[in-house]
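Its first residue numbered 48, the sequence shown is counted upward by one per residue in the working numbering. Here a beta-carbon is modelled for each residue, glycine too, at the ideal position from N, C-alpha and C. Since this is a predicted model, take the numbers as computed values, not measurements.
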Amino acid sequence: MQNDESQDKWMLAEGDEEGQHLLFRVRQELPAGVLKMNYPELISVFWEFDAEENDGMPDEETSEVHFEFEQAVHPLDAPEYSYLMLVITGGGRKEWHFYARDEAEWIDQLNELLADHPEYPLQIEVSADPEWSLYSNVMDGIAGAS
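Spelled out as structure tokens, the structure:
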């Protein structure tokens with residue numbers, strides 16, 4: 048299967064929230080051929096961490112575990128499940144925001160992918176966002192800050 052290059056174009060942006068440094072990693076555009084209406088569920092994965100000594104950012108060990116988690120769930124970033132569109136780090140937590148076809152299938156696949164991993168301190172929230180408002184608002188905010 049050929050991977051469309053546009054699916055791999057990400058940008059970084061920085062911001063502040065209540066005096067805490069935030070780092071945004073955002074997919075620059077919708078993957079080719081994707082219709083938002085086919086991925087109406089916003090699945091947000093939150094991981095809180097102790098960040099008192101790092102201006103709200105994770106320490107090196109926590110960053111490594113975040114990386115391992117992200118590598119483990121990478122198969123969810125595929126047309127049959129969802130698209131990871133936004134990652135936010137800072138303020139004592141990391142957030143991964145996916146737009147998914149089906150919540151139940153996504154959760155089942157997540158559990159399968161993490162079956163052999165330690166239990167991660169995740170909080171998952173699901174909401175209907177057929178217009179991809181979160182992604183659009185972040186992109187608008189980045190464009191407005193440029």
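Its chain contains K141 as the residues whose beta carbon lies nearer than 6 Å to that of H113, once the 5 sequence neighbours on both sides are disregarded; these appear in chain order. Under the three-state reduction of DSSP output, G62 falls in the strand class. Assignment of G191 by DSSP, reduced to helix, strand and coil, places it in the helix class. Pairing A147 with S174 gives a Cβ-Cβ distance that is not under 7 Å. H144: member of the beta strand (DSSP E) spanning 140–147, first to last residue. With 16 or more other Cβ atoms from the protein chains shown falling within 10 Å of its own Cβ, E88 counts as buried. Within the region 61–130, the complete alpha helix (DSSP H) runs of at least 4 residues fall at 107–120. The beta carbon of W57 is closer than 6 Å to those of R72, R74 in its chain, skipping five residues each way along the sequence. Taking all protein chains shown into account, Q170 has fewer than 16 neighbouring C-beta atoms within 10 Å of its C-beta and is therefore exposed. Of P165, D124, H68, the smallest CA-CA separation from E99 is found for H68.
Counting the other Cβ atoms within 10 Å of the Cβ of D55 gives fewer than 16, which makes it exposed. In the DSSP assignment, A151 falls within the unbroken alpha helix (DSSP H) covering 150–160. According to the DSSP assignment, E178 belongs to no beta strand (DSSP E), since it is labelled neither H nor E.
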